[in-house]
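Okay, so here's the structure we're looking at.
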Amino acid sequence: MTDDGSGIRARGEEALGDLAQALLENPLFSQALGRALGAGEKAVQAQKTALGALDLASAGDVERLVRRIRSLSDRVEELEDLVDNLEREVDRIKSTSSAST
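In terms of my numbering, the sequence shown is residues 976 to 1076.
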């Protein structure tokens, strides 16, 4: 019984493969597929244009802004650490200078 099941599955897969090949070779189907993909790209571009006209940020714009803010935050944190180190060094120099006089 399992042999019959796998034979049916193999024939089904072969039939689907044949159908897909026939569709891809059909010029009418290929043109329709190309138009559908082109329409999707045009829709995305129209959406970007509309968001720009409304002065709204896209998800990509927001994501880039978030990455930029994180980067700036990291840099500010590094600067704070450097300032803290400099303050400690100045305090150390002051204390050694006071102790020697």
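Ideal placement from N, C-alpha and C gives every residue a C-beta, glycine not left out.
Check your understanding: According to the Cβ coordinates, are residue 1012 and residue 1004 closer than 9 Å?
Key -> no
**Study point:** Three-state secondary structure (DSSP) of residue 1060
**Key:** helix
**Study point:** Contiguous alpha helix (DSSP H) assignments of at least 4 residues, all confined to the segment 976–1060
**Key:** Segments of the alpha helix (DSSP H) lying fully in the segment 976–1060: 977–1000, 1002–1028.
Review point. What distance in whole Å lies between the Cβ atoms of residue 1026 and residue 1033, which are believed to be in contact at a cut-off of 8 Å?
Key: 5 Å
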